[in-house]
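Numbering (our numbering), first residue to last: 73 to 259.
Report on one structure; see the data block that follows.
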Amino acid sequence: VWMDDTDLDLFAAGGVAVAHCPQSNAKIASGTARLTDMLDRGMTVGLGTDGPASNNNLNLWEEVRLAPLLARLHDLDPQAVPATRALSMATRDAAAALGRDDLGVLEPVRRADIIRLDLDDVAFVPTLEPQDLVSHLVWSSSARTVTDVWVGGRRVVEHGRTLTVDTEEARRQVTERAARLARDASR
73 VWMDDTDLDL
83 FAAGGVAVAH
93 CPQSNAKIAS
103 GTARLTDMLD
113 RGMTVGLGTD
123 GPASNNNLNL
133 WEEVRLAPLL
143 ARLHDLDPQA
153 VPATRALSMA
163 TRDAAAALGR
173 DDLGVLEPVR
183 RADIIRLDLD
193 DVAFVPTLEP
203 QDLVSHLVWS
213 SSARTVTDVW
223 VGGRRVVEHG
233 RTLTVDTEEA
243 RRQVTERAAR
253 LARDASR
């Protein structure tokens, strides 16, 4: 987060990719990344969530919205980081930052990581032009609009219900283990 122009120039010249985790940076008050300066230098910036210790909900959708908002606030520029770029940072740019050319876009021979959205949700109203959809995705949508998820072509969420994890059992185990840790810590 705390990079000066020299650092940014060195990183850009070296082809360093950045994992930008704005919500984590905000939670632990580590500062605001110079996102537009990185992008202007041609750096690959992918969005991430960091970890549960510094970002409790690990919701990438919130990062997609927060990254351009913080960049606009930092630069005092309401045009900084358009919605299309924010969405790209969560998809193709994130894949590039990870060095994963099998991710980030829907094309033959790539992994089919896909979401289905409820376009009847009020977040998508009005959608008069195709570009409105991307704007709505970034500025007004949220994870609540995701109805189905496929990872590598395999459906893992159907109609909002997780298919790969028994969430009730996971919740029970987490609660039990947290209570045990609290007891052990008090000894």
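In this text, a Cβ means the ideal position worked out from N, Cα and C, and glycines have one as well.
Excluding sequence positions up to five before and after V206, its CB lies within less than 7 Å of the CB of A155, T156 and L159, all in the same chain and listed in chain order. Measuring C-alpha to C-alpha distances from D77 to each of A98, D165, G232 and L107 identifies L107 as the nearest. Restricting attention to alpha helix (DSSP H) runs no shorter than 4 residues, the stretch 150-191 encloses them at 155-162 and 164-169, ordered along the chain. Listed in chain order, the alpha helix (DSSP H) elements of length 4 or more contained wholly in the stretch 88-145 are 94-99 and 107-112. Here P150 is exposed: its Cβ has fewer than 16 other Cβ atoms, across all protein chains shown, within 10 Å.
Annotated three-state conformation of D220 is strand, per DSSP. I187 and S258 have their C-alpha atoms roughly 44 Å apart. In the displayed model, V228 falls within a strand according to three-state DSSP. Excluding its 5 nearest sequence neighbours in each direction, A143 has C-beta neighbours in its own chain below 7 Å: L107, T108, A152 and V153, listed in chain order. By the neighbour-count criterion, in which a residue is buried when 16 or more other Cβ atoms sit within 10 angstroms of its Cβ, H231 is exposed. Taking D165 as the centre and dropping the five residues before and after it, the same chain places the C-beta of T116, V117 and G118 closer than 7 Å to its C-beta, in chain order.
It is roughly 13 Å from the alpha-carbon of E135 to the alpha-carbon of S126.
Taking 8 Å as the cut-off, the beta carbon of D122 is found closer than this to the beta carbon of C93.
For the pair L191 and T217, the Cα-to-Cα distance works out to about 8 Å. Here the alpha carbon of V221 sits roughly 38 Å from the alpha carbon of D81. Closest in C-alpha terms to L130, from the list D79, D147, T104 and S96, comes S96.
Excluding residues up to 5 positions away in sequence, V73 and H92 lie with their Cβ nearer than 6 Å to the Cβ of A105 in the same chain.
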